[in-house]
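A short write-up of the structure that comes next.
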Amino acid sequence: MPKIGYGSDKRTKFVGPNGLRKLRITNLNDVDVLLMHNKSYAVEIARTVGGRKRVAILERAKALGLKVTNPHAKVRTEE
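For the sequence shown, numbering that gives the first Met the number 0 begins at 0 and goes up steadily by one.
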């Protein structure tokens with residue numbers, strides 16, 4: 000007979016502390032997928048995305064009202 004162990008509940012599996020699931024974004028078109036799901040998913044920009052494309056993704060996510068988990072990664076402020 001198998002034992003239950005330390006597994007998470009199905010309803011809370013892959014859910015972060017903020018109550019949202021993460022979706023990794025690699026290009027600007029992936030952001031449009033979350034247009035209707037902005038209350039259940041958070042955007043996580045992939046680490047392979049460069050600076051210019053990252054800024055464009057951040058602007059689009061802000062316009063759609065999406066939560067971005069790593070908004071300051073690879074984005075330099077001009078001094």
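By construction, the Cβ of each residue, glycine as well, lies at the ideal position given by its N, Cα and C atoms.
Would a C-beta distance cut-off of 7 Å place residue 66 and residue 45 closer than the cut-off?
-> As a first step, residue 66 is located in the sequence shown; it is residue number 67 there, counting from the start. As a first step, residue 45 is located in the sequence shown; it is residue number 46 there, counting from the start. Not a contact, by the Cβ cut-off of 7 Å.
Assigned secondary structure, residue 21 (DSSP; H/G/I helix, E/B strand, else coil) | Mapped onto the sequence shown, residue 21 falls at position 22. Looking at residue 21 - three-state DSSP - the assignment turns out to be strand.
Taking only the alpha-carbon atoms, compute the straight-line gap between residue 89 and residue 63 and give it to the nearest angstrom.
-> Because the chain in this structure spans residues 0 to 78, residue 89 falls outside the shown range and cannot be described.
Does the Cβ of residue 48 have 16 or more other Cβ atoms within 10 Å, making it buried, or fewer, making it exposed?
-> Position 49 of the sequence shown, counted from the first residue, corresponds to residue 48. Buried: at least 16 other Cβ atoms inside 10 Å.
Run through DSSP, which three-state label would residue 54 get?
-> Position 55 of the sequence shown, counting from 1, holds the residue named residue 54. Per DSSP, reduced to three states, the secondary structure at residue 54 is helical.
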